[in-house]
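Student: In my numbering, the protein residues as written are 4 to 542. We put the CB at the ideal spot given by N, CA and C, even for glycine. Note that the structure is predicted; figures quoted are calculated from it, not measured.
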Ligand SMILES: Cc1cc2nc3c(=O)[nH]c(=O)nc-3n(C[C@H](O)[C@H](O)[C@H](O)COP(=O)(O)OP(=O)(O)OC[C@H]3O[C@@H](n4cnc5c(N)ncnc54)[C@H](O)[C@@H]3O)c2cc1C
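#1: List the endpoints of the continuous alpha helix (DSSP H) containing residue 334.
#2: Is it the case that the Cβ atoms of residue 10 and residue 420 are separated by a distance below 9 Å?
#3: Check whether the Cβ of residue 355 lies closer than 8 Å to any heavy atom of ligand 1, and answer yes or no.
#4: In the DSSP assignment, find the alpha helix (DSSP H) that holds residue 472 and state where it starts and stops.
#5: Which residues in the same chain as residue 500 place their Cβ atom closer than 7 Å to its Cβ, once the five residues preceding and following it in sequence are excluded?
#6: Under the criterion of a Cβ to heavy atom distance below 8 Å, does residue 165 qualify as lining ligand 1?
#7: Taking three-plus beta-carbon pairs below 8 Å as touching, is the region 169 to 185 in contact with the region 364 to 373?
#8: Given the structure, does residue 49 come close to ligand 1, in the sense that its CB is under 8 Å from one of the ligand's heavy atoms?
#9: Using the DSSP secondary-structure output, state which residues sit across from residue 381 in a beta bridge.
#10: Are the CB atoms of residue 403 and residue 22 within a distance shorter than 9 Å?
#11: Should residue 13 be counted as a contact of ligand 2 given a C-beta to heavy atom distance under 8 Å?
#12: Would you kindly report the start and end of the unbroken beta strand (DSSP E) that includes residue 155?
#13: Taking its Cβ as the centre, do 16 or more other Cβ atoms sit within 10 Å of residue 430, making it buried, or is it exposed?
#14: Quick check: is any heavy atom of ligand 1 less than 8 Å from the C-beta of residue 222?
#15: Is the beta carbon of residue 197 sitting closer than 9 Å to the one on residue 119?
#16: Could you say if the region 226 to 244 and the region 33 to 52 meet the contact criterion of at least three C-beta pairs nearer than 8 Å?
#17: Determine the burial state of residue 256: buried for a count of at least 16 other Cβ atoms within 10 Å of its Cβ, exposed for fewer.
#18: Taking residue 392 as the reference, which of 165, 195, 124, 183 has the closest Cα?
#19: Name the DSSP bridge partner or partners of residue 519?
#20: Taking the alpha-carbon positions, what's the residue 542 to residue 441 distance?
#21: Measuring from the CB of residue 35, is there a heavy atom of ligand 1 at a distance below 8 Å?
#22: What's the call for residue 354, buried or exposed, on a 16-neighbour Cβ count within 10 Å?
#23: Excluding the 5 residues preceding and the 5 following residue 109 in the sequence, name in chain order all residues of the same chain whose CB lies nearer than 6 Å to its CB.
#24: Using the Cα positions of residue 473 and residue 159, report the straight-line distance between them to the nearest angstrom.
#25: Distance, Cα to Cα, residue 310 vs residue 361?
#26: When DSSP labels each residue in this structure, what does residue 2 get in the three-state scheme?
#27: Specify the secondary structure class of residue 51 as computed by DSSP and reduced to three states.
#28: Straight-line CA distance for residue 268 to residue 328?
#29: Report yes if the C-beta of residue 8 is less than 8 Å from at least one heavy atom of ligand 1; otherwise report no.
#30: In the region 255 to 308, which residue ranges form an unbroken alpha helix (DSSP H) of at least 4 residues, counting only runs that do not cross its ends?
#31: Please classify residue 418 as buried or exposed, where buried requires at least 16 neighbouring CB atoms within 10 angstroms.
#32: Per DSSP, what kind of secondary structure is residue 247 in: helix, strand or coil?
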């Protein structure tokens, strides 16, 4: 089926929804999303959105905190952009119906690790769900936005889809929309657009343990890479130190996040035999930054062969715990643990990707007509490590900027082009061996967890590279022989992301921010590795 629109937005998290709403003020939007409209990383975000609201806070302090976390790789100009435009975007979200928590009529600002001031705007401990609720409501009511659920983008449409333009130079390519599978009808849509916004979120599902839901299979990174767009800094994957460990958790379902605020509230990490181990690793003990705590836990697990450590908050009263963490208390309780009396079993989990599709300060990717915002993008804001609660902020600020730029772009430069071929699946068969997909998916996640996780080494990366290459080749072969379906598309994307993470990690012969390798344990003093930029030269 052919669909034509001014702007195609892919993804319905904070970035996609906000961009769609802004674009709908001047153009028609088709918004596709691969599951139900609110299934996104955004919906799971607990803590909040960082922004300078307190009169005692300053832009300079927020900029400084962000630069320190980013370990020398942040772009100062984009950091300034998110910090300075942040407050206005928070008020926009409120005007669109988001109800943030207030105290005495003012926004209640929380403090999180790495922030020198209280500046986290939140909605109790369910901020993402509240933002998503408000934005989805606005999108549903908007006549200029056509929302299509259960529709998964397969690939971007560029010159490489057109026989006669196939060999055109990479630095002068366009994006003209995307092919997408409607999972309700099993039909592949050809969506032609003047501009395309990738807002497909993160890639946590590349790893065995992740806080990200199943949708976070790195589709946007993989599609952009296959289309020849520039991708940057993929080695910087943030692992959250504490997710709820449950042996019953299914392979694809997200690990429930036990927020850092629990450690801020006095939580103590203990080994299974009760030892409080953080004092051995850092003078700040349990309040050390995320990456240090995650590495300490990883070390204890690998040394002891355990599958989890404990987080102990039992010295605080039940009333205090329930008041501060109603959602966490409830989740653990439903899983058989009363956290006011028992220790919480926790394990680190892949949480956030700092790298992504390289964009400029107007969210423009390296293909003309392609924009990226939210977690899938690399704006230079996070550098080698993300400061807590800066990601929702980055997403909303850059979604706004994408919309502003698209307004100019579609007025002047853009057109819906003709001659895009229909999706061709002649000669392919319906998949009858789905076990191959399930098995390969488990294998990739395990390999990435064991060898390309929190602590890396040359040996581990090389071993991972060889194994991922085999699975990648088998998956491509399977993909070419079968009619497309969701699981094969996701596996293909997970393999592509695994490949990019390994390639970038191999190139970085130093330990910086979130990338830690036993072979080069120090930061290169000259910063000679800069950003890791990848480009698929033969799309
Ligand atoms: C448990 C958890 C807690 C977090 N807490 C915080 C926090 O407190 N503060 C903070 O700043 N950040 C937090 N983060 C990070 C933050 O939530 C994400 O970075 C942010 O929500 C990303 O928004 P997004 O719009 O880019 O992507 P998402 O919200 O993930 O949305 C992506 C959308 O794209 C769709 N999609 C994906 N692939 C395709 C495809 N091929 N075709 C069609 N649609 C597709 C998905 O279905 C989804 O609708 C947290 C993340 C998690 C997982």
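Tutor: According to the structure shown:
#1: In the DSSP assignment, residue 334 falls within the alpha helix (DSSP H) that extends over 329 to 337.
#2: The Cβ atoms of residue 10 and residue 420 lie no closer than 9 Å to each other.
#3: Answer for residue 355: yes, Cβ within range of ligand 1.
#4: 461 to 484 is the span of the alpha helix (DSSP H), which, as asked, contains residue 472.
#5: If we look at residue 500 and ignore the five residues flanking it on each side, its Cβ neighbours are 206, 209, 221, 224, 225.
#6: Incorrect: residue 165 has no Cβ contact closer than 8 Å to ligand 1.
#7: Yes, they touch.
#8: Flag set: Cβ of residue 49 near ligand 1.
#9: Within the DSSP secondary-structure output, residue 381 pairs in a beta bridge with 361.
#10: Against a cut-off of 9 Å, the Cβ pair of residue 403 and residue 22 comes out as a contact.
#11: Ligands displayed in this structure: ligand 1; ligand 2 is not among them.
#12: If you look at residue 155, you'll find it in the beta strand (DSSP E) that goes 154 to 159.
#13: With fewer than 16 neighbouring CB atoms inside 10 Å of its own CB, residue 430 falls in the exposed class.
#14: Yes; taking the cut-off as 8 Å, the Cβ of residue 222 has a heavy atom of ligand 1 nearer than that.
#15: Result no, Cβ atoms of residue 197 and residue 119 do not sit closer than 9 Å.
#16: The way I'd put it, the region 226 to 244 doesn't touch the region 33 to 52; fewer than three beta-carbon pairs between them come closer than 8 Å.
#17: By the 10 Å Cβ count, residue 256 comes out exposed.
#18: Ranking 165, 195, 124, 183 by Cα distance to residue 392 puts 124 first.
#19: Residue 519 pairs with nothing; no bridge assigned.
#20: The alpha-carbon atoms of residue 542 and residue 441 are separated by roughly 27 Å.
#21: For residue 35, the shortest C-beta to heavy atom distance toward ligand 1 is below 8 Å.
#22: Answer is buried; the Cβ neighbour count reaches 16.
#23: Taking residue 109 as the centre and dropping the five residues before and after it, the same chain places no C-beta closer than 6 Å to its C-beta.
#24: Looking at the backbone, the Cα of residue 473 and that of residue 159 are separated by about 25 Å.
#25: Cα to Cα, the separation comes out at about 36 Å.
#26: Only positions 4 to 542 of the chain appear in this structure, which leaves residue 2 out of reach.
#27: Correct three-state label for residue 51: coil.
#28: Between the alpha carbons of residue 268 and residue 328 lies a distance of about 10 Å.
#29: No, Cβ of residue 8 sits at least 8 Å from all heavy atoms of ligand 1.
#30: Fully enclosed alpha helix (DSSP H) runs of 4 or longer: 264 to 267, 293 to 307.
#31: Taking all protein chains shown into account, residue 418 has fewer than 16 neighbouring C-beta atoms within 10 Å of its C-beta and is therefore exposed.
#32: DSSP places residue 247 in strand when its eight states are reduced to three.
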